[in-house]
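Visitor: The structure's right below; bear with me while I get my questions together.
Residue numbers (the numbering used here), protein chains in the order written: chain G, 1 to 112; chain Y, 1 to 113.
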């Protein structure tokens, strides 16, 4: 049973365009939703995170949109650049010392 | 501060062998988590150690085990290797646990022949 479903698996976006990656979850006990970015040969790195008390969080060109009633959250990358080409993982966790549950990842390619 | 380091970076083993992977967390971090990353399954949680105690465990067979030392360094062991164990094994450290920001190491690429 996959607790966090991520789509699409891969995404190709033109430079300057908007990249959108979606995730859906089942467990209503989840209360922390981070996004990780992974470049080839590197471990994932935290990009941005949100808690369900807000519907949107923006950091630079990266925005998380959160829809609690639909149990969905998404990552928007504005003005996508070739340097954004990486694999992106959404994740979720319950409160306390519980582990992160990851989506299967989205490979983003930004082409010039 | 130095980041999370993992050794070795690459490893080739044959079926039936066992392997030990090592992780040194960021100085001051007491929680170490291990993940298996494969193309089809993404990142799957193996276990988390805090102050030398296993605090969380994922859904992996008993062939996968780990431990944490008093200096917070951690090792994971896989016994009786199977072809399906080929993966990137990632270690992540945080100050107190998964609720804090987790910092990942570069991983150990294990290939089982």
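Every residue gets a Cβ at the ideal spot worked out from N, C-alpha and C, and that includes glycine.
Here's a check: name, in chain order, each residue in its chain whose Cβ is nearer than 6 Å to the Cβ of residue 68/G, leaving out the five neighbours to either side.
Guide: Around residue 68/G: 52.
Visitor: Can you list, in chain order, the stretches of the alpha helix (DSSP H) that have 4 or more residues and sit fully within the segment 17-66 of chain Y?
Guide: The segment 17-66 of chain Y contains no whole alpha helix (DSSP H) run of 4 or more residues.
Visitor: Closer than 8 Å by beta-carbon distance: list the chain G residues that pair up with residue 90/Y, in chain order.
Guide: Those are 43 and 44, listed as they occur along chain G.
Visitor: Quick check: does the Cβ of residue 56/G come within less than 7 Å of any heavy atom belonging to the ligand ADP?
Guide: The model depicted lacks the ligand ADP and carries no ligand whatsoever.
Visitor: In three-state terms, what does DSSP make of residue 83/Y?
Guide: DSSP places residue 83/Y in helix when its eight states are reduced to three.
Visitor: So which residues on chain B does residue 106/Y lean against when the C-beta distance must stay under 9 Å?
Guide: The structure shown has no chain B; the protein chains it does contain are G and Y.
Visitor: Let me know the secondary structure DSSP gives residue 106/Y once reduced to three states.
Guide: Residue state, collapsed to three classes: coil.
Visitor: For chain G, find out if any of its Cβ atoms is closer than 8 Å to the Cβ of residue 101/Y; answer yes or no.
Guide: Yes, residue 101/Y counts as interfacial toward chain G.
Visitor: Bridge partners for residue 15/Y per DSSP, in chain order?
Guide: DSSP output for residue 15/Y lists no bridge partner at all.
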